[in-house]
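Colleague: Here it is, the structure, as structure tokens.
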Amino acid sequence: MSSLVQSVDWLAIAPPTIAAVVGLLVLVADLFVRDDRKALLGWVSIAGLAAATLSLLPLLDGHRSTFCLRGDASVCSYTADRFTLVIQFLVLGGALLAALLSASTLKDAKDSGRELPEGEFWFLLLSSAAGAALLPASRDLATLVVALEVASLPAFALVGLKRGDKRSAEAALKFFLSSVAATAVTLMGVSFLYASTGSLYLTEIASALQNVDGQLHTLAQTGVVLTLVGFAFKTAAVPFHFWVPDTYIGAPLPVAAYLSVVGKAVGFSGLILVTVVAFPSYADVWGPALAVLAALTMTVGNAGALRQQATRAYSAVRLLAWSSVGQAGYLLVPIAAAGYSKDAEKAIGSTVAYALMYAAVNLGAFAVAALVARTKPLNRISDYRGLYAARPVSALVLAFFLLCLAGLPPGIIGLFAKVTVFSAAVDAGLGWLAVVMAVNVVIALYYYLQWTALLFRAPEGEPERLRVPAPLTAAIALTAVLGIALSGAPQLVLRFADTGLF
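Residue numbers (my numbering): 13 to 514.
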């Protein structure tokens, strides 16, 4: 393999670098900060994630790359193009909102005697965010896999951080074992691709796969399939979704919110890169496969959400978990359509537009769930009955988020995002998939509207009122403002479906 130029464009790599450096600072500072001052670590972490997000602004002026091959500046390991910047904004913004939720959760846990190790928590969150920010910029399979694992490994520990909690330990173990199996499959696929093409760079793999030696053709096909399977797990696509409900329930609520948005963004951005950039010549293989996965994922996810009983412990979080599986099915539709479409870039833009909408409203729904959990720790759907009487603003905001997920007014951005995804399937000639999606959207209306209606029913007993911590209030307010702004000006994200990203 050609040697790499060692000069570094520090501005291009600033977003993941800032998150990683602040994570290390927090880990070291944890050794010296007194127990009664540990909250400072949280505010430093929040400031670090805000700085990492703001560092995207200087990159808006153009396309930057670094770690390129000597003699061929077009082949690089790290590229900060439009696709990279949009996904980095999504993951760093999502991590920032999850951090705001975490600040309140850690304080409540400390007050109740179930203290979580704050230094380790913030270090793990920042490390995972750094890996998540690195992944969309990765343009070779080695960097892609490393970024994927840097984003995933700290998440295992975050899920199991509630010491002495059997549910948390079980969730972390299930998440870890299934993810390790998926990583092993991915690495096997990467090794097969390297053996058959002689390169790890995505653009070079794309060229080499068009002229693979006949003796290596089967090896290359197997490598493509195994690599796709590994990334399908990260997106929680059926049948690789089984870890999701138990993991979300066992994890601290902010971690579940983080996984539902940032974890998915990592999986989908990786899947987009390997399909559209590295494997375009195998579109006839991954296009139909992803179309089937999309149909199965949205159907199984919505069916699982329908089965949730309102009085069952943790049913609200479980419903959001199954809902996230269903939403993953919608996100897969445009990627599958890219395998059939002549304009793959436009189809991918539909996925990114939908992901931005989903990130804002799903994090908002988890933020309100965290608020309710302060007085109703079992977080049943029935616990939300009469929320409007106790907290009218929170009830209205949650209703808005649920209507966005359902695709109903006034959640205009949810409606338009679904129409954009639906159009991508129709334009690609996937009429059957568009029909499956339409049926699933109607099915999802039932459980979203049922939960929404419950918010405005007469409460049972006197409503409990507690002061809402400032970080939690900020998280709810930010997601509400973002959701309302996108509904008022949906073109802010829907334009990616028209202009493309690469």
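All residues carry an ideal CB built from backbone N, CA and C; glycine is no exception.
Quick caveat, the model's predicted, so the values are computed rather than measured.
1) Can you list, in chain order, the residues of its chain with a C-beta nearer than 6 angstroms to that of glycine 143? Leave out the 5 residues immediately preceding and following it.
2) For serine 77, which residues does DSSP report across the bridge?
3) Is aspartate 152 helix, strand or coil when you go by DSSP?
4) Please name the residue in Gly74, Asp73 and Cys88 whose C-alpha comes closest to that of cysteine 3.
5) For the stretch 203-261, list the alpha helix (DSSP H) runs that are entirely contained and at least 4 residues long, ordered along the chain.
6) When DSSP labels each residue in this structure, what does alanine 295 get in the three-state scheme?
7) Measuring only the C-alpha atoms, how far is valine 34 from proline 28?
8) I need the straight-line Cα distance from phenylalanine 188 to phenylalanine 243, nearest angstrom please.
9) Can you list, in chain order, the residues of its chain whose CB lies under 6 angstroms from that of leucine 16, leaving out five sequence neighbours each side?
10) Note down, in chain order, each residue of its chain lying with its Cβ closer than 6 angstroms to the Cβ of valine 241, except the 5 sequence neighbours on either side.
11) In chain order, which beta strand (DSSP E) runs of at least 3 residues are fully inside the stretch 371-428?
12) Report buried or exposed for leucine 43, applying the criterion of at least 16 other Cβ atoms within 10 angstroms of its Cβ.
13) Counting C-beta neighbours from all protein chains within 10 Å, is the total for histidine 253 16 or more, i.e. buried, or is it exposed?
14) Name the DSSP bridge partner or partners of aspartate 177?
15) What did DSSP end up calling serine 86 once you bin it into helix, strand or coil?
16) In whole angstroms, what separates the C-alpha of valine 192 from that of lysine 178?
17) Using DSSP with H/G/I as helix, E/B as strand and the rest coil, what is serine 578?
18) When we look at the beta-carbon of serine 14 and count the other beta-carbons within 10 Å, is it buried (16 or more) or exposed?
19) Touch check for the stretch 148-158 and the stretch 208-225: three-plus C-beta pairs under 8 angstroms?
20) Comparing C-alpha positions only, which one of Met449, Leu39, Phe133 and Leu408 sits nearest to tyrosine 270?
21) Around the C-beta of serine 19, are 16 or more other C-beta atoms found within 10 angstroms, so that it is buried, or is it exposed?
22) Identify the continuous alpha helix (DSSP H) that holds valine 274 and give its terminal residues.
23) Could you tell me whether the Cβ atoms of leucine 408 and tyrosine 400 are closer together than 9 angstroms?
24) Using DSSP with H/G/I as helix, E/B as strand and the rest coil, what is serine 14?
25) Could you round the C-beta distance between valine 61 and alanine 141 to whole angstroms and report it? I think they count as a contact, below 8 angstroms.
26) With burial defined as no fewer than 16 other Cβ atoms inside 10 Å of the residue's Cβ, what is the status of valine 405: buried or exposed?
27) Just to confirm my understanding: we take glycine 423, look at its own chain, exclude 5 residues before and 5 after, and list those with CB closer than 7 angstroms. What are they?
28) Over what stretch of residues does the alpha helix (DSSP H) that includes glutamate 132 continue unbroken?
29) Could you tell me whether the stretch 317-327 touches the stretch 429-436, using the rule of 3 or more Cβ pairs below 8 angstroms?
30) Keeping to the same chain, check which residues put their C-beta closer than 7 angstroms to that of glycine 441; ignore five residues upstream and five downstream.
31) Excluding the 5 residues preceding and the 5 following alanine 487 in the sequence, name in chain order all residues of the same chain whose CB lies nearer than 6 angstroms to its CB.
32) Alpha carbon to alpha carbon, how far is proline 481 from leucine 199? Give it in angstroms, no decimals.
Modeller: Concretely, from the data shown:
1) Here the set comprises Ala159, Val162 and Ala163.
2) Beta-bridge pairing links serine 77 to Thr91.
3) The answer is strand: DSSP assigns aspartate 152 an E or B state.
4) With the chain covering only 13 through 514, there is no way to say anything about residue 3.
5) 214-220 and 229-246, all fully within the stretch 203-261.
6) It is helical.
7) Answer to the nearest angstrom: the Cα atoms are 10 angstroms apart.
8) Phenylalanine 188 and phenylalanine 243 have their C-alpha atoms some 15 angstroms from each other.
9) Only weak support exists for where leucine 16 lies, its pLDDT of 46 falling under 50; the coordinates are left without a value.
10) Excluding sequence neighbours, valine 241 sits near Val197.
11) Taking 3 residues as the minimum length, the stretch 371-428 contains no beta strand (DSSP E) run wholly inside it.
12) The Cβ neighbour count for leucine 43, taken over all protein chains shown within 10 Å, is under 16; the residue is labelled exposed.
13) With 16 or more Cβ atoms within 10 Å of its Cβ, histidine 253 is classed as buried.
14) Secondary-structure assignment with DSSP links aspartate 177 through no beta bridge to anything.
15) Residue state, collapsed to three classes: strand.
16) Valine 192 and lysine 178: Cα-Cα distance of roughly 21 angstroms.
17) Beyond the ends of the chain as shown, which are 13 and 514, falls residue 578; an answer cannot be given.
18) Summary for serine 14: the model assigns pLDDT 47, below 50, so the residue's position carries little reliability, and this model does not support an answer.
19) As far as the Cβ criterion goes, the stretch 148-158 touches the stretch 208-225, which means the pair count is three or higher.
20) Its Cα nearest to that of tyrosine 270, the residue Phe133 stands out among Met449, Leu39, Phe133 and Leu408.
21) Serine 19 is exposed by the Cβ-count criterion.
22) Valine 274 -> no alpha helix (DSSP H), and no H or E assigned at all.
23) Yes, the Cβ-Cβ distance between leucine 408 and tyrosine 400 is below 9 angstroms.
24) Low local confidence applies: a pLDDT of 47 at serine 14 is under 50, so the model's placement there is unreliable, and no value is given.
25) The sequence given here places leucine at residue 61; valine does not occur at that position. About 6 angstroms separates the two Cβ atoms, so the contact holds.
26) By the neighbour-count rule (16 or more Cβ atoms within 10 Å), valine 405 is not buried but exposed.
27) Hits under 7 angstroms: Phe412, Leu415, Cys416 and Ser499.
28) First-last of the alpha helix (DSSP H) with glutamate 132: 130-146.
29) Segment contact: the stretch 317-327 against the stretch 429-436, fewer than three CB-CB distances shorter than 8 angstroms; contact not assigned.
30) Contacts found: Tyr352.
31) Hits under 6 angstroms: Leu109, Leu112, Leu113 and Ala379.
32) In a straight line, the C-alpha of leucine 199 is about 44 angstroms away from that of proline 481.
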